[in-house]
Amino acid sequence: MAVARFIQISPFKHLLTHSRFLLTLRSDQGKYHSLILFRLSSASDTLWDNASSLNPVGKLEKLEMAANRQIYVMESTCPHLGADMSHADIEEYEDTTVAVCPWHRYDFDLRTGQSETGLRTCTYSVEVKEDPDGVEKVYIETPAGGNNWRLVELRPVSEEFADPPPASSQSISQINPVTTSSEVTEPVVPETNPPKTLMQWAVLILGTSNPALKVSRTRHAVQLFRTGKLDSIGHKSSAAPRPPDVPPRDDSYLRNTVNPGKVKGRKSLAVMLHALANIEQWAWDIMARFGPSHPDLPPAFFSDFTKMALDESKHFSLLTSRLSATSPSTPYGTMPVHASLWESATITAHSLRARLAIIHLVHEARGLDVNPATIERFRRAGDAASVAVLETIHADEVTHVTAGHRWFTWLCEREPGGGLDPIETFRTEVRKGWRGNVKGPFNVEDREKAGLTREFYEDLAGEMGDEEMVLRKGAFRMDGLSDSLPVGVTPQVAVEYEKKM
2 MAVARFIQIS
12 PFKHLLTHSR
22 FLLTLRSDQG
32 KYHSLILFRL
42 SSASDTLWDN
52 ASSLNPVGKL
62 EKLEMAANRQ
72 IYVMESTCPH
82 LGADMSHADI
92 EEYEDTTVAV
102 CPWHRYDFDL
112 RTGQSETGLR
122 TCTYSVEVKE
132 DPDGVEKVYI
142 ETPAGGNNWR
152 LVELRPVSEE
162 FADPPPASSQ
172 SISQINPVTT
182 SSEVTEPVVP
192 ETNPPKTLMQ
202 WAVLILGTSN
212 PALKVSRTRH
222 AVQLFRTGKL
232 DSIGHKSSAA
242 PRPPDVPPRD
252 DSYLRNTVNP
262 GKVKGRKSLA
272 VMLHALANIE
282 QWAWDIMARF
292 GPSHPDLPPA
302 FFSDFTKMAL
312 DESKHFSLLT
322 SRLSATSPST
332 PYGTMPVHAS
342 LWESATITAH
352 SLRARLAIIH
362 LVHEARGLDV
372 NPATIERFRR
382 AGDAASVAVL
392 ETIHADEVTH
402 VTAGHRWFTW
412 LCEREPGGGL
422 DPIETFRTEV
432 RKGWRGNVKG
442 PFNVEDREKA
452 GLTREFYEDL
462 AGEMGDEEMV
472 LRKGAFRMDG
482 LSDSLPVGVT
492 PQVAVEYEKK
502 M
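Its first residue numbered 2, the sequence shown is counted upward by one per residue in our numbering.
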């Protein structure tokens, strides 16, 4: 019998902040594995949490606590239809405890993975060990089928922003400090023909011009998806709605949309916060644009990208809040913005592989390179609150590049004839869909954590010509778009949903 291998995931005390954590592991072979950790409360946890230098925990007490830790790790998706288990109900049943899938109520024993339905999910042993310095560390058994697994993401599930939005009598504009050309009058859930699938929500959100309403709809849609309250993902339906070629923007933002060169070089901290908050819904677009053309995409793909969509909205809310606090006279929407990244989205609209390569493994990876210098600038200015926000955003963006790498390599593996080499395929996509050098200096450490070794990006340049770029962009043009519109009129995108049979 093979000996189980274990990897360290965290000091135990760091797991006391939340009861659930999503874990992403990657092997030397580039294989990804997603797990969910459940930590059930116990009296020993309370004892540990209340311990201090004045009331230390003794050695025998520590040994007893370690033996009674209620930490369980299993697959992050249900083996039935691939539902995300992060919002599973935990229920005690006779002499065991089970996780109940939020989609179809399949229950799985936290220890054995067995279900009364006859299905079984993989569970992984957990050990709590004390190191020579007396610090308790948590180790988990690694999956079969890979070598030298490493932890690339440990994320608490119950982040405040991921919880259901609280009931409030405030208007959306009061909750989210942004300036728009008109009051938000639309409800989060449309009163007529409300979305029933994830694809329908994606297209609705992409067609929402007001950024505050876009954030609220994102939070609501992700919550419905995670808790199994949608009819389906909807990407396999022949009637799946089509996303807009260019997402509409509120009229005030359209008037302030300029060529990227006019924004570059502006160095005030308020301008930097405003530019960073320039919301881009990559995640909803990739799901809506490529889901229907790739019906073989598993639910895990949509779990990763709904998490990314939630992050994008969280980042917008955090940054606009900091902008409001540091520069009340210039709320979001009052400074120039650009939409140059949507040019790349348009150029890659023909191919999921190209989209992942250019948007997630070039654009977002470049963010990993420049974020540390941006954070340092705010640190030197003494803005500790903005530093904390930017550090949170940077940590999230490492996971976004990781997701891009995961699904890019997944696509390469599924190519007929034994698959494609992901490094050479990436370099080919960049040469075809990018102009100029892939610029450094590079944040080698965080790129490598996300799966991008130096072989991916060093000495790489795009070779796309002017004619090819114009052909792929088509009629795309965000700057000056409002010139052809009457004052106060926002471009609208018609959204039609499949009818219930």
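Just so it is clear, CB atoms sit at the ideal spot from N, CA and C, and this is done for glycine as well.
Can the beta-carbon of H236 be found less than 9 Å from the beta-carbon of P296?
Yes, they are a contact pair.
For A462 and S304, what's the separation of their Cα atoms in angstroms?
So the alpha carbons of these two residues sit roughly 32 Å apart.
Helix, strand or coil at T463 according to DSSP, with G and I counted as helix
With the sequence shown as reference, residue 463 is identified as Gly, and Thr is not the correct amino acid for it. Collapsing the DSSP output to three states places G463 in a strand.
How is K130 classed by DSSP in three states: helix, strand or coil?
K130: strand per DSSP, three-state reduction.
For the segment 78 to 141, which segments carrying the beta strand (DSSP E) assignment without a break, of at least 3 residues, lie completely within its bounds, in sequence order?
Within the segment 78 to 141, the complete beta strand (DSSP E) runs of at least 3 residues are 90 to 94, 97 to 101, 108 to 110, 127 to 131.
Using a 10 Å radius around the Cβ and a threshold of 16 neighbouring Cβ atoms, would you call Q201 buried or exposed?
Q201 should be labelled buried.
State the start and end residues of the unbroken alpha helix (DSSP H) segment that holds G420.
From DSSP, G420 is part of no alpha helix (DSSP H); its letter is neither H nor E.
I want to know whether the segment 370 to 390 touches the segment 429 to 438 - three or more CB-CB distances under 8 Å.
Fewer than three pairs of CB atoms, one per stretch, sit closer than 8 Å, so the segment 370 to 390 makes no contact with the segment 429 to 438.
Can you list the alpha helix (DSSP H) stretches of 4 or more residues lying completely in the segment 291 to 326, in chain order?
If you keep only unbroken alpha helix (DSSP H) runs of at least 4 residues inside the segment 291 to 326, you get nothing at all.
Per the DSSP calculation, M75 is bridged to which residue(s)?
Answer by DSSP bridge pairing, in chain order: I37, T124.
Suppose you measure from the CA of H221 to the CA of L274; what does that come to, to the nearest Å?
Cα to Cα, H221 sits roughly 26 Å from L274.
Compute the Euclidean distance between the alpha carbons of V399 and H361, then round it to the nearest angstrom.
Rounded to the nearest angstrom, the two C-alpha atoms are 10 Å apart.
Could you check the C-alpha separation between M336 and I359 for me, to the nearest Å?
Rounded to whole angstroms, M336 to I359 spans 27 Å at the Cα level.
Check this for me: beta carbons of H401 and E365, under 9 Å apart or not?
With a cutoff of 9 Å on beta-carbon distance, H401 and E365 are scored as near each other.
For the segment 121 to 132 against the segment 68 to 87, are there 3 or more C-beta pairs whose distance is under 8 Å?
Contact check between the segment 121 to 132 and the segment 68 to 87: three or more CB pairs, one atom from each, fall below 8 Å, which counts as touching.
Over what stretch of residues does the alpha helix (DSSP H) that includes R218 continue unbroken?
The continuous alpha helix (DSSP H) containing R218 extends over residues 212 to 227.
Could you tell me which residues DSSP pairs with F409 in its beta bridges?
Listed as beta-bridge partners of F409 by DSSP are no residues whatsoever.
Looking only at its chain, what residues have a beta carbon closer than 7 Å to the beta carbon of L277, apart from the 5 residues adjacent to it on each side?
So the qualifying residues of the chain are L320.
DSSP bridge partner residues for R455 (one or two, in chain order)
Looking at the DSSP output, R455 bridges to nothing.
Pop quiz: V204 and P244 are said to be a contact at Cβ under 8 Å. What is the actual Cβ separation, rounded to whole angstroms?
That pair is a contact at about 5 Å.
Span separating the alpha-carbon of D246 from that of F291
Spanning the two alpha carbons is a distance of roughly 13 Å.
Please list, in chain order, all residues of the same chain as D312 whose beta carbon is under 6 Å from its beta carbon, the five residues on each side excluded.
Answer for D312: D397, listed in chain order.
Less than 9 Å separating the beta-carbons of R306 and M288?
The sequence as given places Phe at residue 306; Arg does not occur at that position. Yes, they are a contact pair.
How many Å lie between C79 and T403 at the Cα?
If you take the alpha carbons of C79 and T403, they lie about 22 Å apart.
Classification of S217 by the beta-carbon crowding that lies within 10 angstroms, buried from 16 upward:
Buried, by the Cβ-count rule.
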